[in-house]
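To start, the structure under review is shown below, and the notes come after it.
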Amino acid sequence: MMHIIHQAQEYLASLNIDQWQNGYPNEQKILEDIANQESYLIKNEQNQIIAITMFTTRNELTYAVIEGNWLTNDNTTYGVIHRMAVNNEYRNTGAAKFIFHYFEQLLKAENIVSMRIDTHQDNIGMQHILTKLDYKYCGIIYLEDGNKRLAYEKII
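Numbering of the sequence shown is given in this note's numbering, commencing with residue 240 and proceeding in unit increments.
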C-alpha cells in the first residue's frame, strides 16, 4: 500500500502539486484506516492492487467549517473518500471512477444521500474527475494543519 502512496506522491510532485509532499499520508495513518476498517484495496482479476483509498461515513471534523455552503445540512450523514491513490500502471484506466461509483452505491444501499470530498487547489486531475462525476464545488475547507482544500459534494 505504501508503494502506491509513494507513487502518488511522486506523481503529484512531478506535476508541481504540493499535495502529499510533507510525508502525508504515512504508514501510521494507513494503519489507522485499517484499524478503523476504513481502508480499501481495489484489485484486478489477477489479484494485483490497482488502487487504495479510505472511505467512511463518520463526520469529517475539517468539514464542519466551510467558506461556502455544502449542498446538505450539518445534520446529514455523508460519505467521505480520502487518501485515494492509483498504481501508476493503472492511471487513466477508470480506477478512480470505479472507486467513486462503488462507494456511491454503498451509500445508496444505506439510504445515505451525500458524498463529500476535498482536494488540493492545484490537483486539476482530481477536480476534473469530480466535475465529470457530477460533484459540485461547495467552497473551501481547511485541514488541521491549516492547508486550504477545495470542497465538493454530490447528492446521491
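Positions of the beta carbon are idealized from the N, C-alpha and C atoms, including for glycine.
Source: prediction; values computed, not measured.
Runs of 4 residues minimum, wholly inside the region 240–300: which ones carry the alpha helix (DSSP H) assignment?
Look at the region 240–300 and you find these whole runs of alpha helix (DSSP H), each 4 residues long or longer: 241–253 and 266–274.
Please report the residue range of the alpha helix (DSSP H) in which residue 364 lies.
Sequence index remark: in the sequence shown, residue 364 carries index 125 (1-based). Residues 363–371.
With a cut-off of 8 Å on the beta carbons, I'd call residue 289 and residue 279 a contact; round off their distance for me.
Taking the first residue of the sequence shown as 1, we reach residue 289 at position 50. Taking the first residue of the sequence shown as 1, we reach residue 279 at position 40. By a beta-carbon distance limit of 8 Å, residue 289 does not contact residue 279. Their separation comes to about 12 Å.
Under the three-state reduction of DSSP, which class applies to residue 383: helix, strand or coil?
Counting from one through the sequence shown, the residue named residue 383 turns up at place 144. Looking at residue 383 - three-state DSSP - the assignment turns out to be coil, as it is neither helix nor strand.
Is residue 378 near residue 307, with beta carbons less than 8 Å apart?
Start at 1 with the first residue of the sequence shown, and residue 378 comes out as number 139. Start at 1 with the first residue of the sequence shown, and residue 307 comes out as number 68. At the C-beta level, residue 378 and residue 307 come within 8 Å of one another.
Locate the alpha helix (DSSP H) running through residue 303, then write down its first and last residues.
Stepping through the sequence shown from its first residue, residue 303 is reached at position 64. Boundaries cannot be given for residue 303, as no alpha helix (DSSP H) includes it and DSSP labels it neither H nor E.
Under 8 Å Cβ to Cβ from residue 248, same chain only, skipping five residues before and after it: list those, please.
On the sequence shown, position 9 is the one that residue 248 refers to. For residue 248, where only same-chain residues beyond five positions count, the Cβ hits under 8 Å are 259 and 260.
Is the beta carbon of residue 376 closer than 8 Å to that of residue 391?
As a first step, residue 391 must be located in the sequence shown, where it is residue number 152. As a first step, residue 376 must be located in the sequence shown, where it is residue number 137. Remark: C-beta atoms of residue 391 and residue 376 approach each other more closely than 8 Å.
Taking the alpha helix (DSSP H) that residue 340 falls in, what are its first and last residues?
Locating residue 340 in the sequence shown gives position 101, counting from the first residue. It spans 334–348 - the alpha helix (DSSP H) in which residue 340 sits, taken as one unbroken run.
Taking DSSP as the reference, what is the three-state secondary structure of residue 317?
For the purposes of this step, residue 317 is taken as the residue at position 78 of the sequence shown. Coil.
Looking only at its chain, what residues have a beta carbon closer than 6 Å to the beta carbon of residue 324, apart from the 5 residues adjacent to it on each side?
Counted from its first residue, the sequence shown places residue 324 at position 85. Short of 6 Å from the beta carbon of residue 324, and not among the five residues preceding or following it, lie these beta carbons of its own chain, in chain order: 243, 244, 247 and 291.
Under 8 Å between C-beta atoms of residue 296 and residue 315
Counting from 1 along the sequence shown, the entry for residue 296 is found at position 57. Counting from 1 along the sequence shown, the entry for residue 315 is found at position 76. Contact: no.
Taking just the CA atoms, how far does residue 283 sit from residue 339?
One-based indexing of the sequence shown puts residue 339 at position 100. One-based indexing of the sequence shown puts residue 283 at position 44. Here the alpha carbon of residue 339 sits roughly 16 Å from the alpha carbon of residue 283.
Since I believe residue 320 is in contact with residue 337 (beta carbons under 8 Å), could you give me their beta-carbon distance rounded to a whole number of angstroms?
Here the question's residue 337 lines up with position 98 in the sequence shown. Here the question's residue 320 lines up with position 81 in the sequence shown. Taking 8 Å as the upper bound for CB-CB distance, residue 337 and residue 320 are not in contact here, some 12 Å apart.
For residue 341, which residues of its own chain have a beta-carbon under 6 Å away from its beta-carbon, when the five flanking residues on both sides are left out?
As a first step, residue 341 must be located in the sequence shown, where it is residue number 102. Within the same chain, residue 341 has no close Cβ partners at all.
What three-state label does DSSP hand residue 374 in the structure shown?
As a first step, residue 374 must be located in the sequence shown, where it is residue number 135. The answer is coil: DSSP assigns residue 374 none of H, G, I, E or B.
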